[in-house]
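Novice: Taken in order, these protein sequences are the chains called A and B.
What the first sequence shows, in the numbering used here, is residues 4 to 212, in sequence order.
What the second sequence shows, in the numbering used here, is residues 4 to 212, in sequence order.
For every residue, glycine included, the Cβ atom is placed at its ideal position computed from N, Cα and C.
There are 2 protein chains.
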Amino acid sequence: MTKHQNNKEQVILAAAKEEFLDKGYDGARTTSIARNAGVTHAMLHYYFKTKEQLFERIFHETMGMLVEGILEVFTQTEKPFKQRMAEALDIHFEAIRQNPRLPLFMIREVASRPERFAVIKNIISTFAGNVLFTMQKDIDQAVSIGEISPIDATTLLLDMISLNVFPFIVKPVYEAATGLNLNDDSNFWDLRKKENIELIMRRLTPSQA
Amino acid sequence: MTKHQNNKEQVILAAAKEEFLDKGYDGARTTSIARNAGVTHAMLHYYFKTKEQLFERIFHETMGMLVEGILEVFTQTEKPFKQRMAEALDIHFEAIRQNPRLPLFMIREVASRPERFAVIKNIISTFAGNVLFTMQKDIDQAVSIGEISPIDATTLLLDMISLNVFPFIVKPVYEAATGLNLNDDSNFWDLRKKENIELIMRRLTPSQA
DNA sequence: TCGTTTGTTAACAAAATTGTTAATAAATTT
DNA sequence: AAATTTATTAACAATTTTGTTAACAAACGA
Numbered sequence: 004m005t006k007h008q009n010n011k012e013q014v015i016l017a018a019a020k021e022e023f024l025d026k027g028y029d030g031a032r033t034t035s036i037a038r039n040a041g042v043t044h045a046m047l048h049y050y051f052k053t054k055e056q057l058f059e060r061i062f063h064e065t066m067g068m069l070v071e072g073i074l075e076v077f078t079q080t081e082k083p084f085k086q087r088m089a090e091a092l093d094i095h096f097e098a099i100r101q102n103p104r105l106p107l108f109m110i111r112e113v114a115s116r117p118e119r120f121a122v123i124k125n126i127i128s129t130f131a132g133n134v135l136f137t138m139q140k141d142i143d144q145a146v147s148i149g150e151i152s153p154i155d156a157t158t159l160l161l162d163m164i165s166l167n168v169f170p171f172i173v174k175p176v177y178e179a180a181t182g183l184n185l186n187d188d189s190n191f192w193d194l195r196k197k198e199n200i201e202l203i204m205r206r207l208t209p210s211q212a
Numbered sequence: 004m005t006k007h008q009n010n011k012e013q014v015i016l017a018a019a020k021e022e023f024l025d026k027g028y029d030g031a032r033t034t035s036i037a038r039n040a041g042v043t044h045a046m047l048h049y050y051f052k053t054k055e056q057l058f059e060r061i062f063h064e065t066m067g068m069l070v071e072g073i074l075e076v077f078t079q080t081e082k083p084f085k086q087r088m089a090e091a092l093d094i095h096f097e098a099i100r101q102n103p104r105l106p107l108f109m110i111r112e113v114a115s116r117p118e119r120f121a122v123i124k125n126i127i128s129t130f131a132g133n134v135l136f137t138m139q140k141d142i143d144q145a146v147s148i149g150e151i152s153p154i155d156a157t158t159l160l161l162d163m164i165s166l167n168v169f170p171f172i173v174k175p176v177y178e179a180a181t182g183l184n185l186n187d188d189s190n191f192w193d194l195r196k197k198e199n200i201e202l203i204m205r206r207l208t209p210s211q212a
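See below:
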């Protein structure tokens, strides 16, 4: 009736993303994806030869978003170091808040099939190298003028990521245990962000001599 | 030749634990478990009717360890609050260090099949209720004598757990990205524990007025 | 408009995976 | 030692899941 729209490809991609994010590669079913997309499962093989290839597509897009998000965070201006870290935490936290299932997805897939990660390995490592290098430089400078107390860049980065990411990772457990739905509780997440910033600020503030 | 040992059941359990911890329920294969245990896969069904039942067994033991571990942490004596939290962090961290794959295992399984969690839901929630209640009491007391700055018990608990648990959860990603093996790097983990304690201590210390 | 490419379907095939059964051996009980 | 219970194996069955194919329809380019 209407003209051919190849939007079925997009519909499949959307359904696949849902399925993979929810259940992981091993738990995902191509038939289930097709059903949720409203197409026969042959279509899925027509557009994306195999389950593996469909997954690769999702995985890469997903990882792309994640890396971009983090990159943005650390291309900051020339404000005081502490303020920049506070802003970085804020941006990073909000980025995850908009894609809360992404971190667990990535971690789960890497844990059960580390080889798959090899593809993007060098992207990540050079990226991390750069970020850590400039970060350490900025830290040393801020330390030298007495703005903050000394800390390794890697240590600080892991502090920040742990605090920002873990609550989203543990969310399913929390929700399962309490029966509450944290998605509806914007107050909880606002407070959490505030607390993370508070923690890092206190960590950076020089101890009174 | 030798007499019947029903240790095959144990061998299967051990192999199953490995498999489930590594690959999760969906990724685990009963044939693979049997192979690694050195038995025919019919044995697996003989001892544990189904894959599901075998998993339940592992899941419960695992959860048991996790809950016990956390319980121990918070049955502390009558030292100053800050010192008790430092010790709790230490004990908690070491407990995870000895079972580093356990947190990701639990989170992954709950995320992909929340129903499964229902069984232990009330255990967790009453337990959490108790811990949080006494913790909040202790906090209020410590605040009243000026030992620490005010904080919600739930907030503090999530701070502590985030910092202690996340590094172990992200370990596979870190290792995949760097090619390094963090298990061999006891120095890394010692420093991490120290940093977590440092962070929480600074968070608790009253700000200079 | 005719031929070609692209999209779509239903039915089928292959493989993997879980679970069962019947026969047998080994241990245990009496 | 005979009877009985428990353990073990190999072969098989059922189901699920991924992937294929052949036939058909719709769009498109010449």
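If we ignore side chains and look at the alpha-carbon of each, how far apart do residue 204 of chain B and residue 89 of chain B end up?
Specialist: Locating residue 204 of chain B in the second sequence gives position 201, counting from the first residue. Locating residue 89 of chain B in the second sequence gives position 86, counting from the first residue. Whole-angstrom Cα-Cα distance: 7 Å.
Novice: Quick one: list the residues of chain B neighbouring residue 170 of chain A, beta-carbon separation under 8 Å, in chain order.
Specialist: Indexing the first sequence from 1 puts residue 170 of chain A at position 167. Chain B residues near residue 170 of chain A: 161 and 165.
Novice: Jot down the residue ranges of each uninterrupted alpha helix (DSSP H) in the segment 165 to 194 of chain B, minimum 4 residues, whole runs only, in chain order.
Specialist: Here the runs fully enclosed are 174 to 181.
Novice: Give me, in chain order, the residues of the same chain whose beta-carbon lies closer than 8 Å to that of residue 184 of chain A; leave out the 5 immediate sequence neighbours on both sides.
Specialist: Reading the first sequence from its first residue, position 181 is the one you call residue 184 of chain A. Taken in chain order, the residues that qualify are 178.
Novice: Kindly examine the ligand GTP and report whether one of its heavy atoms sits closer than 7 Å to the Cβ of residue 131 of chain B.
Specialist: Absence of the ligand GTP is noted for the structure shown, with no ligands found whatsoever.
Novice: Quick check: is the beta carbon of residue 120 of chain B nearer than 8 Å to any beta carbon in chain A?
Specialist: Against the second sequence, residue 120 of chain B aligns to sequence position 117. By this cut-off, residue 120 of chain B is an interface position.
Novice: Thinking C-beta only, is residue 39 of chain A closer than 8 Å to residue 22 of chain A?
Specialist: Along the first sequence, read from residue 1 onward, the residue named residue 22 of chain A stands at position 19. Along the first sequence, read from residue 1 onward, the residue named residue 39 of chain A stands at position 36. For residue 22 of chain A and residue 39 of chain A, yes; Cβs fall inside 8 Å.
Novice: Identify which residue in A/42, A/113 and A/95 has its Cα closest to the Cα of residue 176 of chain B.
Specialist: Within the second sequence, numbered from 1, the residue matching residue 176 of chain B stands at position 173. Checked all of A/42, A/113 and A/95; the closest Cα to residue 176 of chain B is A/113.
Novice: Straight-line CA distance for residue 108 of chain B to residue 148 of chain A?
Specialist: As a position in the second sequence, residue 108 of chain B is number 105, starting the count at 1. As a position in the first sequence, residue 148 of chain A is number 145, starting the count at 1. Approximately 45 Å between the Cα atoms of the pair.
Novice: Taking any Cβ of chain A, which residues in the segment 172 to 188 of chain B have a Cβ under 7 Å from it, in chain order?
Specialist: Residues passing the 7 Å Cβ filter: 172, 173, 175, 176, 179, 180 and 181.
Novice: Is the separation between the beta-carbon of residue 85 of chain B and that of residue 154 of chain B shorter than 8 Å?
Specialist: Walking along the second sequence from the start, residue 85 of chain B turns up at place 82. Walking along the second sequence from the start, residue 154 of chain B turns up at place 151. Contact: no.
Novice: Measuring CB to CB, does residue 135 of chain A end up less than 8 Å from residue 156 of chain A?
Specialist: Indexing the first sequence from 1 puts residue 135 of chain A at position 132. Indexing the first sequence from 1 puts residue 156 of chain A at position 153. The answer is yes: Cβ separation under 8 Å.
Novice: Assign residue 155 of chain A to one of three DSSP states: helix, strand, or coil.
Specialist: For this step, residue 155 of chain A is matched to residue 152 along the first sequence. Of the three classes helix, strand and coil, the one that applies to residue 155 of chain A here is coil, per DSSP.
Novice: Any beta-carbon of chain A closer than 8 Å to the one on residue 198 of chain B?
Specialist: In the second sequence, counting from the first residue as 1, residue 198 of chain B sits at position 195. Yes - at least one Cβ of chain A is within 8 Å of the one on residue 198 of chain B.
Novice: Could you tell me the distance, in whole angstroms, from the CA atom of residue 180 of chain A to the CA atom of residue 69 of chain B?
Specialist: As a working mapping, residue 180 of chain A is identified with position 177 in the first sequence. As a working mapping, residue 69 of chain B is identified with position 66 in the second sequence. Approximately 14 Å between the Cα atoms of the pair.
Novice: Do three or more CB pairs link the segment 163 to 172 of chain A to the segment 159 to 166 of chain B at distances below 8 Å?
Specialist: Taking 8 Å as the limit for Cβ pairs, the verdict is that the segment 159 to 166 of chain B does touch the segment 163 to 172 of chain A.
Novice: Listed in chain order, which residues of the segment 82 to 96 of chain B have Cβ atoms closer than 9 Å to some Cβ of chain A?
Specialist: Per Cβ criterion, the list is empty.
Novice: Drop a sphere of 10 angstroms on the beta-carbon of residue 142 of chain B, count the other beta-carbons inside from all chains shown, and report buried for 16 or more, exposed for fewer.
Specialist: Translated into the one-based positions of the second sequence, residue 142 of chain B becomes position 139. Per the 10 Å Cβ criterion, buried.
Novice: Could you tell me the distance, in whole angstroms, from the CA atom of residue 18 of chain A to the CA atom of residue 41 of chain A?
Specialist: For the purposes of this step, residue 18 of chain A is taken as the residue at position 15 of the first sequence. For the purposes of this step, residue 41 of chain A is taken as the residue at position 38 of the first sequence. About 9 Å.
Novice: Considering only residues of the same chain and omitting the five flanking positions on each side of residue 37 of chain B, which have a CB-CB separation below 7 Å?
Specialist: Here residue 37 of chain B is taken as the residue at index 34 of the second sequence, counted from 1. Same-chain partners within the cutoff: 43, 44, 46 and 47.
Novice: CA-CA distance, residue 133 of chain A and residue 139 of chain A?
Specialist: Within the first sequence, the letter at position 130 stands for residue 133 of chain A. Within the first sequence, the letter at position 136 stands for residue 139 of chain A. Cα to Cα, residue 133 of chain A sits roughly 10 Å from residue 139 of chain A.
Novice: Taking residue 119 of chain A as the reference, give the member of A/103, A/165, A/91 and A/63 with the closest Cα.
Specialist: Working through the first sequence from its first residue, we reach residue 119 of chain A at position 116. It is A/63.
Novice: How far does the alpha helix (DSSP H) with residue 113 of chain B in it reach, from first residue to last?
Specialist: On the second sequence, position 110 is the one that residue 113 of chain B refers to. Where residue 113 of chain B is concerned, the enclosing alpha helix (DSSP H) stretches over 105 to 115.
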